[in-house]
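See below for the structure under consideration.
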Amino acid sequence: MTWSIIAKDTATGQIGIAVATKFFAVGALVPHIAPGIGGIATQALVNPYYGIDGLKLLRQGKPPQDILNFLIAADSGAETRQLHILDASGRIAAHTGRECIDWCGALAGDGFSIAGNMLAGPRVLDDTAASFVASASLPFPRRLLAAMRAGEAAGGDKRGKQSAALLIHDTEEWPALDLRVDDHPDPLTELERLERVSRERWAHFRSFLPSRARPAGITDRAVIDASVEAARVSEQ
Numbered sequence: 233m234t235w236s237i238i239a240k241d242t243a244t245g246q247i248g249i250a251v252a253t254k255f256f257a258v259g260a261l262v263p264h265i266a267p268g269i270g271g272i273a274t275q276a277l278v279n280p281y282y283g284i285d286g287l288k289l290l291r292q293g294k295p296p297q298d299i300l301n302f303l304i305a306a307d308s309g310a311e312t313r314q315l316h317i318l319d320a321s322g323r324i325a326a327h328t329g330r331e332c333i334d335w336c337g338a339l340a341g342d343g344f345s346i347a348g349n350m351l352a353g354p355r356v357l358d359d360t361a362a363s364f365v366a367s368a369s370l371p372f373p374r375r376l377l378a379a380m381r382a383g384e385a386a387g388g389d390k391r392g393k394q395s396a397a398l399l400i401h402d403t404e405e406w407p408a409l410d411l412r413v414d415d416h417p418d419p420l421t422e423l424e425r426l427e428r429v430s431r432e433r434w435a436h437f438r439s440f441l442p443s444r445a446r447p448a449g450i451t452d453r454a455v456i457d458a459s460v461e462a463a464r465v466s467e468q
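Heads up, the sequence shown is in my numbering, so the first residue is 233 and it goes up one at a time.
Shown next as structure tokens:
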């Protein structure tokens with residue numbers, strides 16, 4: 233009932249996950265990212281602990297295949313689930329349980345992993361991958377969204393559309409971008425709109441949030457003033 237892409241942006245080092253489905257609030261449970269370390273998407277009959285426990289193991293330096301093996305071995309419902317993992321070095325592991333609904337499967341590429349179930353057919357993953365490869369010149373969030381849009385054009389979730397999400401992390405524990413469309417007749421279009429708005433508002437605001445390089449209380453007033461002015465202009 234879902235397909236997703238996990239990818240690393242070679243230009244920035246960011247790790248991102250984009251996902252879409254005919255189900256409510258997909259962004260609440262499917263995407264999980266450990267900043268600078270890797271990402272996990274847990275789908276089909278979701279086991280949220282694949283993401284929660286999997287990130288702990290990624291942070292410990294475990295390889296994706298070992299993490300996957302550990303998670304599914306401990307889960308009696310593993311055959312109803314789908315899971316894929318990408319770490320920062322590009323290693324990938326994927327599991328599609330035998331009881332996942334067709335069409336279902338996974339596809340690994342150079343720096344990205346795609347998986348889906350209850351899809352219109354394998355072309356959904358193929359076209360998602362082809363678009364991601366072809367759109368390398370786009371900024372990372374738009375590249376992920378373009379890939380998902382191509383998969384949707386190939387049929388996407390065979391039941392229809394309802395929710396979508398985009399999660400991106402760089403080096404901070406808080407996300408560089410976290411956008412969710414929980415219930416919408418055209419969720420990817422709405423997600424694209426939110427991404428455009430994020431460039432007007434969020435991109436400026438996040439530039440002066442406390443970071444490891446700039447702790448709380450050491451904020452450049454000029455950056456704040458520029459952010460406020462940019463928001464004011466965008467409202468006119």
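The beta carbon of each residue, even a glycine, is placed where N, CA and C say it ideally should be. Because the structure is a prediction, the values reported are computed rather than measured.
Item                                                                                                 : Value
Residues bridged to K240 (per DSSP)                                                                  : I247
Short Cβ contact (8 Å threshold) for L441 with L426                                                  : no
Option nearest G283 by Cα separation, candidates S363, G337, T421 and I299                           : I299
Span separating the alpha-carbon of R428 from that of S308                                           : 42 Å
Residues that DSSP places opposite W335 in a beta bridge                                             : W335 pairs with nothing; no bridge assigned.
Bridge-paired residues (DSSP) for S395                                                               : T253
Run of the beta strand (DSSP E) containing R313, from where it starts to where it stops              : R313 to D319
Assumed close pair S395, D415 - CB separation to whole angstroms, cut-off 8 Å                        : 6 Å
Cβ neighbours of L261 in the same chain (closer than 6 Å, five flanking residues each side left out) : V278 and P280
Close Cβ partners of F344 (< 8 Å) along its chain, the five nearest in sequence each way excluded    : I237, I238, A239, K240, L318, A361 and F364
Where I324 sits in the DSSP three-state scheme                                                       : strand
Three-state secondary structure (DSSP) of V413                                                       : strand
Boundaries (first-last residue) of the beta strand (DSSP E) holding T274                             : G270 to A276
Beta-carbon proximity list for E331, same chain, < 8 Å, skipping 5 on both sides                     : E311 and T312
Residues near A325 in its chain [Cβ-Cβ closer than 6 Å; skip 5 each side]                            : P296, Q297, L300 and I317
Which of helix, strand or coil DSSP assigns to P267                                                  : coil
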